[in-house]
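K.L.:
Take 19 as the starting number for the sequence shown in the numbering used here and just add one per residue.
A virtual CB, placed ideally from N, CA and C, is assigned to each residue, including glycine.
Given the structure is predicted, the values throughout are model-derived calculations rather than measurements.
Sharing a structure below in structure tokens format, with a few things to ask.
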Amino acid sequence: MNSSEQTPYLSTRDIDWNSVGSATLEVRQMLRYEYPGPIADVHQLLMLVPADLMGSQRLISHQIHVSPQALPRYSEDRFGNRLCQITLPLVERALEFTISLQVERDNDAGFVLRNEGEPAIYAVASPLTEPAEELTSVAT
């Protein structure tokens, strides 16, 4: 797909979320580690895939690709998030992860904390959760 065929992205600031029944979000993230030389016995823990259901957000699909190729091992933390463990005997120069996921958010359900005892502060927006201008300019 060339740049003229890319799907247009919407700025979430321009959306009246009270009028939206549900939204499907697609996320793609790439992480790349480059090393000055070969690295032996590499252990990596990724925590990038959310729980199957968290409040009104439902995980639809996810994929993690690793280069050089490795077999991920999955487990869950106490919040239901997927932990992906990668072990490689040797990485020559670079290690790359590409994570693709799709989530659906239902506005009718409202946001509910996963655990009643979990502090509500985690559900409050802050300047640290706003996307940087560089990210916003690429996405709009």
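Between 70, 83 and 113, which has its C-alpha nearest residue 55's C-alpha?
P.N.:
Locating residue 55 in the sequence shown gives position 37, where the first residue counts as 1. Comparing Cα-Cα distances from residue 55 to each of 70, 83 and 113, the minimum goes to 113.
K.L.:
Quick one, are the C-beta atoms of residue 58 and residue 97 less than 8 Å apart?
P.N.:
For this step, residue 58 is matched to residue 40 along the sequence shown. For this step, residue 97 is matched to residue 79 along the sequence shown. Cβ atoms of residue 58 and residue 97: not closer than 8 Å.
K.L.:
In terms of residue numbering, what span does the beta strand (DSSP E) encompassing residue 156 cover?
P.N.:
If you number the sequence shown from 1, residue 156 lands on position 138. Residue 156 -> not in any beta strand (DSSP E); alpha helix (DSSP H) instead, spanning 151-157.
K.L.:
So residue 118 packs on residue 81, CB below 8 Å; how close in whole Å?
P.N.:
On the sequence shown, position 100 is the one that residue 118 refers to. On the sequence shown, position 63 is the one that residue 81 refers to. That belief holds up - the Cβ atoms of residue 118 and residue 81 are roughly 5 Å apart, short of 8 Å.
K.L.:
Which stretch, first to last residue, makes up the beta strand (DSSP E) that contains residue 41?
P.N.:
Within the sequence shown, residue 41 is the residue found at index 23, counting from 1. Residues 40-52.
K.L.:
Reducing DSSP to helix, strand and coil, say where residue 90 ends up.
P.N.:
Translated into the one-based positions of the sequence shown, residue 90 becomes position 72. Here residue 90 sits in coil by DSSP.
K.L.:
Taking just the CA atoms, how far does residue 39 sit from residue 108?
P.N.:
Residue mapping note: residue 108 aligns to position 90 of the sequence shown, counting from 1. Residue mapping note: residue 39 aligns to position 21 of the sequence shown, counting from 1. Those two C-alpha atoms are separated by around 48 Å.
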